[in-house]
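Engineer: Let me begin by handing over the structure; questions about it come next.
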Amino acid sequence: MDWTTPLRPILRAGESLLDRVLCVIGAVGFSQLPEFIQQYLQRLGGRLDEARRQLAQFEAVAAQSKLTLVEFIERTGQNTDASVARLAGVMHDAVTRVDSLAAADTAIRNASLWEKPFVFFSHLDPAIVRATWDIYRPAVPTTAEGLVYAGLGVATMLALYHGGVKYPLIVVARTRAARRQSYRAPARAGLPK
1453 MDWTTPLRPI
1463 LRAGESLLDR
1473 VLCVIGAVGF
1483 SQLPEFIQQY
1493 LQRLGGRLDE
1503 ARRQLAQFEA
1513 VAAQSKLTLV
1523 EFIERTGQNT
1533 DASVARLAGV
1543 MHDAVTRVDS
1553 LAAADTAIRN
1563 ASLWEKPFVF
1573 FSHLDPAIVR
1583 ATWDIYRPAV
1593 PTTAEGLVYA
1603 GLGVATMLAL
1613 YHGGVKYPLI
1623 VVARTRAARR
1633 QSYRAPARAG
1643 LPK
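Each residue of the sequence shown is one higher than the one before, counting from 1453 in this note's numbering.
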């Protein structure tokens, strides 16, 4: 009897427990991505609303002067007073910011379940990510998207465990057992039968 025989039931129970723990870690971990994206979208929407409010103020001043915003920016930029001329850059940046935030918001919200992480990462605003992360609270989303990502987390963790840990250990154990077996039964070549 091998010395590991009494340990096998304990090892199986431990391996089964590890398997389940990894499934839970994968499900909870992966389900955080849609939750983080959702909280990021809330902050993105708030910044977009504020940028639009600021832009609307510039548009209102331009309209009072019977100019389009583009004309108002051009005239302001041509002002001989340098401090007033710099305001043209501020207005231009506000237009660019609204366009950028609106494009990111639309792209992320309209992305399919499978595209969303890639679209999210391609439209990241580092300042919004930091602000979201600072107040982020993990949650288990109860949406279909959260369920799909939780399932992907389970599958990924199981694949990593079985393919990267369990199977290689089995191969090593079998190789060592075969090597031990070959040492125990030396070749009997040349001995009479």
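Quick reminder that beta carbons are idealized off the backbone N, C-alpha and C, glycines included. Every value quoted in this text rests on a predicted model; they were computed, and no experiment measured them.
1. Since residue 1524 and residue 1517 are thought to touch, with beta carbons under 8 Å apart, how far apart are those beta carbons, to the nearest angstrom?
2. Express the C-alpha separation of residue 1496 and residue 1442 in angstroms, rounding to a whole number.
3. In the DSSP assignment, find the alpha helix (DSSP H) that holds residue 1571 and state where it starts and stops.
4. In whole angstroms, what is the alpha-carbon distance linking residue 1521 and residue 1566?
5. Is residue 1558 buried or exposed, if buried means 16 or more other CB atoms sit within 10 Å of its CB?
6. Determine the contact status of residue 1478 and residue 1606, defining contact as a CB-CB distance below 9 Å.
7. State the start and end residues of the unbroken alpha helix (DSSP H) segment that holds residue 1584.
8. Please state if the CB of residue 1568 and the CB of residue 1486 are separated by a distance shorter than 9 Å.
9. Please classify residue 1584 as buried or exposed, where buried requires at least 16 neighbouring CB atoms within 10 angstroms.
10. What is the DSSP secondary structure of residue 1552, reduced to helix, strand or coil?
11. How many angstroms separate the CA atom of residue 1529 from the CA atom of residue 1544?
12. Got a sec, what are the start and stop residues for the alpha helix (DSSP H) residue 1476 sits in?
13. Please name the residue in 1484, 1546, 1471 and 1469 whose C-alpha comes closest to that of residue 1597.
14. Give me the Cα-Cα distance between residue 1632 and residue 1622, rounded to the nearest whole angstrom.
Structural biologist: In brief:
1. So it is a contact: roughly 6 Å between Cβ atoms.
2. With the chain covering 1453 to 1645 only, the question about residue 1442 has no answer from this structure.
3. Note, residue 1571: alpha helix (DSSP H), 1568-1574.
4. The alpha-carbon atoms of residue 1521 and residue 1566 are separated by roughly 39 Å.
5. Classification for residue 1558: exposed.
6. Yes.
7. Judged by DSSP secondary structure, residue 1584 falls within the alpha helix (DSSP H) whose first and last residues are 1578-1587.
8. In this structure, residue 1568 lies closer than 9 Å to residue 1486 by Cβ.
9. Residue environment for residue 1584: buried (at least 16 other C-beta atoms within 10 angstroms of its C-beta).
10. Residue 1552 falls in the helix class under three-state DSSP.
11. Cα to Cα, the separation comes out at about 10 Å.
12. Start and end: 1460-1516.
13. Comparing Cα positions, the closest option is 1484.
14. Approximately 15 Å, taken between the alpha carbons.
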